[in-house]
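Numbering (the working numbering), first residue to last: 6 to 167.
By construction, the Cβ of each residue, glycine as well, lies at the ideal position given by its N, Cα and C atoms.
It should be emphasised that the depicted structure is a prediction, and the values quoted were computed from it without experimental measurement.
Heads up, the thing below is written out as structure tokens.
Set out below in structure tokens:
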């Protein structure tokens, strides 16, 4: 369970996103939730100086397709980081486990393969209310957190590669 508001951070601790480019891959499944995550991510990137034309937003059918969608962005679009946004809600079968494990491993593999930040913004909740709480509800927006993470990771790479 989140112990803090996902949208609560020190604005001054985030580098400028001016000149940075971002890909965002969003699952269409649970779009009430994932759409809110995407809006949070885009708004946060802009708040920190990213230009709208430097934010590429693409949709995939479901959370399992997020990793391939992110790989396509890495291969066909020149972006500095890719934010992956989805939502898997626990059901009565083990489907939840397989999807969550697959996406988690896939995102880890993409980070290593492309040597660029692929930011894990997959909500894995027990119920709809927990997802709502983390998509702009009482616990903030995981999309905000993912955007801040993307900015910080690009800044880290840029700093180390000087």
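- For residue 167, there is no enclosing beta strand (DSSP E), as DSSP gives it neither H nor E.
- If you check the CB distance, residue 154 and residue 122 come in under 9 Å.
- Looking at the DSSP output, residue 146 shares a beta bridge with 140.
- The stretch 85-94 and the stretch 29-47 touch, with no fewer than 3 CB-CB distances between them shorter than 8 Å.
- By the neighbour-count criterion, in which 16 or more other beta carbons inside 10 Å mark a residue as buried, residue 27 falls on the buried side.
- Residues of the same chain with their beta carbon placed closer than 6 Å to that of residue 51 are lacking, with the five preceding and five following residues left out of the count.
- Going by DSSP, residue 129 is part of the beta strand (DSSP E) stretching over 123-130.
- Between residue 130 and residue 156 a beta carbon distance of about 25 Å is seen, past the 8 Å cut, so the two are scored as non-contacting.
- For residue 74, the enclosing alpha helix (DSSP H) stretches over residues 71-81.
- Counting C-beta atoms within 10 angstroms of its own C-beta, residue 135 has 16 or more neighbours from the protein chains shown and is therefore classed as buried.
- Looking from the CA of residue 80, the closest CA among 65, 111, 99 and 118 belongs to 118.
- Minimum Cα-Cα distance from residue 124 among the listed residues 159, 106 and 101 corresponds to 159.
- Following the DSSP letters along the chain, one finds residue 43 inside the alpha helix (DSSP H) bounded by residues 36-52.
- Under the three-state reduction of DSSP, residue 91 is assigned to strand.
- A straight-line Cα-Cα distance of about 9 Å links residue 144 and residue 13.
- DSSP, reduced to helix, strand and coil, places residue 19 outside both helices and strands of the structure shown, so it counts as coil.
- Per DSSP, the unbroken alpha helix (DSSP H) holding residue 108 starts and ends at 100-119.
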